[in-house]
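A short write-up of the structure that comes next.
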Amino acid sequence: MKNAVKYLTLFLVMGLLFTIAACKQDDPTPSEPTPTVDPTPTDDPVIVDFNVLGNWADDGDGVYTITTNTAAELEFSYAKGTFPNASMSSALITEDLSVYKKLVITVEGAGTMLLRLETSDSTPTREVGLNVTGIQGTYEWNLINAASFLEKVNKITIIAAPDKEDSIGVISLTKLMFQESVADGFIINDGFNNIPTNVNEYNGTDEIFNFNDKWENFAEETYTIVKDGDVFNVDFTKGAGFEWSAMQSKVQGTFTDFNFVVVKVSGTAGQPIIVKAADGVETRIILSGEIQEVVVDISEMAVAQKNAIQAILIFGNAGRVGSGSFTIHEAFMIDDYDYEAPVFVKNIYNGIDSEFAVGHWFDGGDVVYTITEADTEYHVEYSKLDGGLEYANMQALIEGDFSNFAKIEFEITGQNAKTVLLKVEGTQGVKEVPVTFDGTRQVIVFDLMTMTPTQLDALNKLVIFAAPGGIGAGEFTIHSVKFLTSDYDANGLWEEVDADTYDITFGETTTVAYTKVATQEWAHMRALFDAEDVAGLNTLTIVIKGEVGKEILIKPNDDGAIEQSITFIDTDPVTLTFKAETFVSIILFAEPNVAPATGTFEIISVTLSYVIPEADFDPTLILDINNNWEENDPDTYDFTYEEDGSVTVDYDKTGWAFMKQTFNAQEVAGLNTMTIVFEGTVGKQIMVKPNDSNALEQWITFTEDPYVLTVFYENGFTNLLIFAEPDTVAMDSFTIISATLSYSVDINSNWEENDPDTYDFTYEEDGTVTVDYDKTGWAFMKQTFDAEAVAGMNTMTIVFEGTVGKQILVKPNDSGALEQWITFTEDSHVMTVFNASGFMNVLIFAEPDTVAMDSFTIVSAMLSYVMPEVDFDPTLVLDVNANWEENDLDTYDFTYEEDGSVTVDYDKSGWAFMKQTFDAEEVVGLNTLTMVFEGSLGKQIMVKPNDSNALEQWITFTADPHVLVVRFADGFTNVLIFAEPDTVAMDSFTIVSATLSYTVDVNSNWEENDLDTYDFTYEEDGSVTVDYDKTGWAFMKQTFDAQEVAGLNTLTIVLEGTVGKQIMVKPNDSNALEEWITFADTDPVTLTFTAESFMSVLIFAEPDTVAAGTFTIVSATLSYVAPVVLDDLDVTLDWADNGDSVYTFTEDEGTLIVDYVKVDQGWSTAVLTASDTSGYNKFTITMTGTEGKQVLVKVNDAIENWVTFDVDGNGTATITAPNIHSVLLFAEGGVDTVTGSFIITSAILSYE
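Heads up: the sequence shown is residues -21 to -1, 1 to 1227, going by mature numbering (1 follows the signal peptide of the UniProt record, and there is no 0).
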């Protein structure tokens, strides 16, 4: 790991890149809102918007019927009759309009109109033409350079359906207002006109609206359209890229009373044709060559949506290339129409049965599948040899809550080597499984356990694609399709363990009679499971009944932690539920610890099943999903996973071939925001389709900048499809720089005004909020958040639109330190981002400290968690022995002692616990929890980091302090401590210390230095078994990644080995650090090495011998341990003979006289006897002796320094070594027989 690791997260709102136009102003008074100050005082009057609504009148032709005529709305209907340019006018305008820069027009209805500005003299008028539909629209007429003209304007005239007779319509204007600000939004200029020509206009009275006229190409000139009497003949040729080109008949009118669009058509047999009235409202048929009806049901459309229909589209040979022709015989709208709608029978689940069969299969609309039903089987023949049919499918509709099912079982016989794609679809997610037939009757199991209950509840169809993505013909037989639970019945597996104790009778239930004699208190019966039968099943449910007052103890997996005891209080059945990762057995004790005993009980059912675990959702989780990519179509996409986490995607594909990723439902549960950053060839396109959903798909065209795609979807994600250059033959590459799933909270709701009658909120269908304000002073709007809903969120992102030049003040947490002033500019959106440890509320002040009336839009407002930018310090050792709290009232008391320890007094029952929750930013990157406890002998506590069963540890106190070390790569969020769990208890214990730190597990990547000498077996528990067969100094080693271990100064290795065998461990290949171990017993041996840094470690098994054997490296870690500040240690007098009776020592006023007599004892030594030298890394000795004589000083049996006494008899040695543990002195080393003396005047151990 690098010494400084940057944790960065890129976060943008809802798939749009906005320019941050807001800027933070200086904050002279953080406790109060900070108004902007104009340095040049002015007495210019405030310009108030000029409203033209109210007091309108027909100009005399009687064409207009005005139904609403107020300052808030002008609503009228018109019937033109013989007056093509009849008008209506506003009241006379006496105001000087020259100060205004735009006219804002908000309009809806059914019709068209010309809006004309009239003048008081001969100055030519100015006008715009507007098409009015049932969907409200706002136009901003740009008048910024029209001051001299506006000065002369004295009224506004409206001409509905200009230049037309016999036209009718209804129009409503809710805003017609001159404003000083610059035009923004949908800007129009003088002469603008979007009134459609070539349009079929409904007269408002006929029962049938015939629009079979004025057909034209919609965009591309694909269709040749020729009118022949009352019919239209159409020919077309569609090449690649024009598969979805269309033709249209424009329509206009009030279509409220119509419920069906009908087109009668004949054309090229086998080609699909689509008639479309609006997005999502269309009908597709396959042409037969005869006249056919295409009926589009518009009855479910809202009135506004019906009246917004502007054209009826026809797609010939829809979605395909090729040539063809068709004839439109009739085209009309009608209220009621008798036609034979296709009937698709749904398979409806009753919500009770444990098995659900699916039938009623039908062709998906391309007339590719011929389906013959025989009894409960379906024989299917398919032929899809033409282009455009690659994904033609057959379907079966389903309805119900399928969340209790675990799988779908397909039993199918297909032709050898033919392929199909099985798919289950719903509104909340999809899943698919490819199958290759082998010619036999196959059972294909479709696993549903990776889908969430919400997704299973929303399933609505099963789909089968034969020869998916390609062409082909063949046949297969569907014998059965069933939804099945995961339930496994284990009530027939019971057996007695102790002879003649349990008499078991099997039937619909299992009846047990038991007889226990003395010494059989714990006699029991059991059920053993086959691992394959119960794989993945995590819930055991037992229903049992027995004699009143009798007790039964049930112990799954022979595990006391999950055992349950029941005493029957009546004869009703009792249900017991057990949870475990897996089950291997059940042990049952009747009247446990009682003998003699007799009785009976009845086991009604024993069921093993899978239940989705209720995981604690972490809203701060940012899940990296830039992995596990796969191609859907063979040999189309290749993936290169780069070291920086990006993925290079090379593609060579045709048509709609795509790549994909399917998410694990449990892993992504709750995550609702997908953020992906792409780079690609400029001008090339990809399509990104989360959840295989048309509603979520987005097309991306690459530019020179990275493209950031953010998709927010409240119901979460199941998969992701990516199409490179869709529907083309193409070869190129692009890069997925990053891809993550995270959690966001949409807070663009629940706005409220603080001051009555100042702010109004309109919640739009697209999720935006329009805010209208009419206020004075510091009146504001606000939102207060639900603390639980936004817990963990540290980033607030709000996007606004507003009137150019106007200001708002945004103040999260009512905090002056966070507030930002926003001045709206001509940029369409302004994004503001706030960072805080948490959010409680947000206040918004429109035009603060002024009298003002206007509006702005909150495009989006989100709370999310963004990983802070942190320089990670691997040497950090964080003291977390603080901030303890009890979870249950009056159960735990904490006394914080001066030495840093915490005394915990408890008086509790059951599973009451104490806890600490860590600050996510403070502990980021720290992966090792170390705690030291002391407590009453024999008492127990349970420590549960992250509230995780996998990490929990039980501690039984002994006379020595208990050191608990938990290492978890993903870090820590909290720790729970249970004193004497599941008991009523009162006592105390002490947390001597608790720290979080960083360690690197280096018990991996071992290698032998010499061929065929060392073998390594990496065990599941993280240990490594080393087998050796070697000679001499052959060794094994590991070289560390310098960046990963930078800053770590402590190497800890725990070893186990054969009694009497030796090992030498040599960090950094350093003699000063090496240590020899002789295994004295089978207990683990812990070695700790300290150095400024570590580059490698060498291990020699039985050095310098021919040997074979084995040992275990239980663990090996690198960490940072803060050096202890040590006072200098004077060891001048702490010396002794090493056992050869050579040296004698005499103390003389603080010095030590050393006499030596050696007889054939050249390398005899004096040894330092100081008891605790750990931590010291420097030894300095000063001596006096005979000129020319020598003393060899040797530290840690490795580092040597010869001292030769000078002419004055003085000699000094200074030796630095990590963690000094031994010092030897050799007087005249190597001289076998000699007599002499020297004086140690000073010997000091120090740390630097």
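Quick reminder that beta carbons are idealized off the backbone N, C-alpha and C, glycines included. On a predicted model such as this, the values are computed, not experimentally measured, just so you know.
When the Cα of residue i is compared with those of the options, which residue comes out closest?
{"i": "Leu567", "options": "Glu581, Lys558, Asp884", "result": "Glu581"}
{"i": "Asp1000", "options": "Ala929, Asp1116, Leu990, Asp994", "result": "Ala929"}
{"i": "Val690", "options": "Thr719, Pro1046, Phe508, Leu94", "result": "Thr719"}
{"i": "Met1074", "options": "Gln1022, Thr176, Thr104", "result": "Gln1022"}
{"i": "Asp603", "options": "Thr654, Ser1221, Tyr616, Thr633", "result": "Thr654"}
{"i": "Ala89", "options": "Gln284, Asp40, Glu159, Tyr79", "result": "Gln284"}
{"i": "His308", "options": "Val275, Tyr318, Trp340, Gln271", "result": "Gln271"}
{"i": "Ser160", "options": "Asp833, Thr962, Lys229, Asn179", "result": "Asp833"}
{"i": "Ile777", "options": "Ala768, Met841, Trp730, Val585", "result": "Met841"}
{"i": "Lys632", "options": "Phe642, Ala644, Asp617", "result": "Asp617"}
{"i": "Thr419", "options": "Pro669, Glu454, Leu943", "result": "Glu454"}
{"i": "Lys229", "options": "Trp223, Ala310, Asp214", "result": "Ala310"}
Quick check on residue i: does DSSP put it in helix, strand or coil?
{"i": "Lys131", "result": "coil"}
{"i": "Leu122", "result": "coil"}
{"i": "Val868", "result": "Looking at the sequence shown, residue 868 is not Val but Leu. Leu868 falls in the coil class under three-state DSSP."}
{"i": "Leu435", "result": "helix"}
{"i": "Lys285", "result": "helix"}
{"i": "Val902", "result": "helix"}
{"i": "Glu646", "result": "helix"}
{"i": "Ser245", "result": "strand"}
{"i": "Val78", "result": "helix"}
{"i": "Val86", "result": "strand"}
{"i": "Thr21", "result": "Only weak support exists for where Thr21 lies, its pLDDT of 43 falling under 50; the value from the coordinates is given anyway. Thr21: coil per DSSP, three-state reduction."}
{"i": "Thr73", "result": "coil"}
Around the C-beta of residue i, are 16 or more other C-beta atoms found within 10 angstroms, so that it is buried, or is it exposed?
{"i": "Ile252", "result": "buried"}
{"i": "residue 1258", "result": "Beyond the ends of the chain as shown, which are -21 and 1227, falls residue 1258; an answer cannot be given."}
{"i": "Thr962", "result": "exposed"}
{"i": "Asp314", "result": "exposed"}
{"i": "Gln394", "result": "exposed"}
{"i": "Phe1217", "result": "buried"}
{"i": "Ser146", "result": "buried"}
{"i": "Leu688", "result": "buried"}
{"i": "Leu1224", "result": "buried"}
{"i": "Pro1046", "result": "buried"}
By the DSSP assignment, the beta strand (DSSP E) with residue i in it spans what residues?
{"i": "Lys778", "result": "Correcting the residue type first, residue 778 is Val in the shown sequence and not Lys. That run of the beta strand (DSSP E) goes 774 to 781."}
{"i": "Lys919", "result": "Residue 919 is actually Gln in this sequence, not Lys. From DSSP, the beta strand (DSSP E) with Gln919 extends over 919 to 924."}
{"i": "Ala1087", "result": "1086 to 1098"}
{"i": "Gln786", "result": "786 to 791"}
{"i": "Arg105", "result": "105 to 111"}
{"i": "Asp1116", "result": "1114 to 1116"}
{"i": "Ser151", "result": "147 to 158"}
Quick one: what's got a C-beta closer than 8 angstroms to residue i's C-beta in the same chain, skipping five residues either side?
{"i": "Asn439", "result": "Leu376, Ile377, Glu378, Glu404, Gly405, Thr406"}
{"i": "Asp22", "result": "Because Asp22 carries a pLDDT of 48, less than 50, the predicted location of this residue cannot be relied on, and no value is offered for it."}
{"i": "Thr1029", "result": "Thr1067, Phe1068, Thr1069, Leu1097, Ser1098, Tyr1099, Val1100"}
{"i": "Val783", "result": "Ser160, Val161, Asp163, Phe803, Thr804, Glu805"}
{"i": "Trp635", "result": "Glu369, Tyr370, Gly448, Phe702, Pro705, Asp706"}
{"i": "Thr1091", "result": "Ser1002, Val1003, Thr1004, Val1005, Leu1034, Glu1035, Gly1036"}
For residue i, which residues from the same chain have a beta carbon less than 7 angstroms from its beta carbon, with the 5 sequence-adjacent residues on both sides left out?
{"i": "Phe637", "result": "Asn611, Leu700, Ile701, Phe702"}
{"i": "Asn651", "result": "Phe691, Tyr692, Glu693, Gly695, Tyr722, Ser723"}
{"i": "Glu356", "result": "Thr456, Ile457, His458"}
{"i": "Cys2", "result": "Confidence at Cys2 is low in this model, with a pLDDT of 33, below 50, so the placement of that residue should be treated as unreliable; the coordinate-derived value is given next. So no residue of the chain qualifies."}
I'd like the list of long-range same chain contacts for residue i, defined as Cβ closer than 6 angstroms, with 5 residues on each side in sequence excluded.
{"i": "Ala445", "result": "Tyr361, Val399"}
{"i": "Asn1180", "result": "Val1172, Ala1192, Ile1194"}
{"i": "Gly659", "result": "Phe681, Phe713"}
Comparing the CB of residue i with every heavy atom of the ligand ATP, is any distance shorter than 8 angstroms?
{"i": "Ile391", "result": "The model depicted lacks the ligand ATP and carries no ligand whatsoever."}
Kindly say whether residue i, judged by its beta-carbon, lies nearer than 9 angstroms to any beta-carbon of chain B.
{"i": "Trp863", "result": "The displayed structure is made up of one protein chain only, and chain B is not part of it."}
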